[in-house]
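Below is one structure, written out as structure tokens; the observations come after it.
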Amino acid sequence: MLKALEIIGFKSFADRTRFEFPPGITAVVGPNGSGKSNIVDAIKWVLGEQSAKSLRGKEMADVIFNGSGERRALNSAEITLTLDNSKGIFPIETDEVHITRRVYRSGEGEYLINRQPARLRDIRDLLAGTGLSTHAYSIIEQGKIDQLLQASPLERRAVFEEAAGISRFKSRKLEALRRLERIDQNLLRLSDIVDEVESRLRVVRSQAGKARRYREYTERLRELRTHAARIDWTALTERAAAIAERLTRLREEHAACAAEAQT
-3 MLKALEIIGF KSFADRTRFE FPPGITAVVG PNGSGKSNIV DAIKWVLGEQ SAKSLRGKEM
57 ADVIFNGSGE RRALNSAEIT LTLDNSKGIF PIETDEVHIT RRVYRSGEGE YLINRQPARL
117 RDIRDLLAGT GLSTHAYSII EQGKIDQLLQ ASPLERRAVF EEAAGISRFK SRKLEALRRL
177 ERIDQNLLRL SDIVDEVESR LRVVRSQAGK ARRYREYTER LRELRTHAAR IDWTALTERA
237 AAIAERLTRL REEHAACAAE AQT
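Okay, so the sequence shown: first residue is -3 according to my numbering, each after it adds one.
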């Protein structure tokens, strides 16, 4: 399943170094201090190891090549692990899976899956149930067998579940339960919001009813005032006509009286 490992600036590997792992058994041999353990650390690190202590360091920046008598220190370390996916072990539709991890001396870091930015969580989800997670059985270091034999039943069960591919589904189940809990909490908050909105809506409806009645009353009052003004105008017009008619008669009578007086 492991096809290749490419290391740049990680611990003693200052230069770009690539290891090929053909099918079958591959053994890495060499004298003490030649960097064999650093290869194992590199694999653990690229798979998401977060403990600097387990990588034989004090802090994560210690994995970056720190210089030597002839080489200056580097500012970053990068590892790319290539895995065979021709059998579809990983939920990615490619025959190879490339997992890359970088770290900078500033403390910043990044992950990539098939050269695309990813999160540590994405790496763990990808490897879940394959035996390749940082605490799985795929990397057995010195003392790991004794540690497993002395482990609690719960710890041994976790290893067996990882080997059987069950851990991936348990992880998904736990994540689904957490999501369900968050959804329940959101529903409760939404219910509170709905109650508050309905309460405000009742107030608004009441105010809208009052405003509607006010408009109706105002319109009715305007109609009544218009009708009253029309009645007043008609009455005044009729009265003015009557007065004008009477004034005409009085003028005629006055003229007649004046004529008699002259005769």
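Heads up, the beta-carbon is just placed ideally off N, CA and C, and yes, glycines get one too.
In three-state terms, what does DSSP make of residue i?
{"i": "ASP80", "result": "strand"}
{"i": "GLY205", "result": "helix"}
{"i": "GLU192", "result": "helix"}
{"i": "ARG98", "result": "strand"}
{"i": "ILE85", "result": "coil"}
{"i": "PRO113", "result": "strand"}
{"i": "THR13", "result": "strand"}
{"i": "SER50", "result": "helix"}
{"i": "ILE4", "result": "strand"}
{"i": "SER30", "result": "coil"}
{"i": "SER72", "result": "strand"}
{"i": "SER(-2)", "result": "The identity of residue -2 in the sequence shown is Leu, whereas the question assumes Ser. Here LEU(-2) sits in strand by DSSP."}
{"i": "GLU92", "result": "strand"}
{"i": "ILE227", "result": "helix"}
{"i": "ILE60", "result": "strand"}
{"i": "ALA236", "result": "helix"}
{"i": "LEU183", "result": "helix"}
{"i": "GLN258", "result": "helix"}
{"i": "VAL42", "result": "helix"}
{"i": "SER148", "result": "coil"}
{"i": "LEU128", "result": "coil"}
{"i": "GLU248", "result": "helix"}
{"i": "ARG67", "result": "coil"}
{"i": "ALA172", "result": "helix"}
{"i": "ALA23", "result": "coil"}
{"i": "GLU177", "result": "helix"}
{"i": "GLU212", "result": "helix"}
{"i": "GLU55", "result": "coil"}
Please tell me whether residue i and residue j are closer than 9 Å, where the distance is taken between their beta carbons.
{"i": "ILE75", "j": "ILE3", "result": "yes"}
{"i": "ALA10", "j": "LEU70", "result": "yes"}
{"i": "LEU77", "j": "PHE86", "result": "no"}
{"i": "ILE95", "j": "VAL42", "result": "yes"}
{"i": "GLY(-2)", "j": "ILE35", "result": "Note that residue -2 is Leu in the sequence shown, not Gly. The answer is no: Cβ separation not under 9 Å."}
{"i": "VAL12", "j": "LEU1", "result": "The sequence shown places Arg at residue 12, not Val. No; because the gap between Cβ atoms is not below 9 Å, this pair is not in contact."}
{"i": "GLY44", "j": "ARG97", "result": "yes"}
{"i": "THR126", "j": "ASN110", "result": "no"}
{"i": "ARG101", "j": "ALA48", "result": "no"}
{"i": "GLN46", "j": "LEU116", "result": "yes"}
{"i": "ASP121", "j": "SER167", "result": "yes"}
{"i": "SER81", "j": "VAL93", "result": "Going by the sequence as given, residue 81 is Asn instead of Ser. It is a contact, given that the beta carbons lie within the stated cut-off."}
So residue i packs on residue j, CB below 8 Å; how close in whole Å?
{"i": "ALA114", "j": "LEU108", "result": "6 Å"}
{"i": "SER8", "j": "GLY26", "result": "Actually they do not touch by this definition, with Cβ atoms about 11 Å apart."}
{"i": "GLY5", "j": "ALA73", "result": "4 Å"}
Which partner residues does residue i have in the DSSP bridge list?
{"i": "TYR107", "result": "ARG97, ALA114"}
Answer yes or no: does any C-beta atom of chain D fall closer than 9 Å to that of residue i?
{"i": "ALA231", "result": "The structure shown contains no chain D, having only a single protein chain."}
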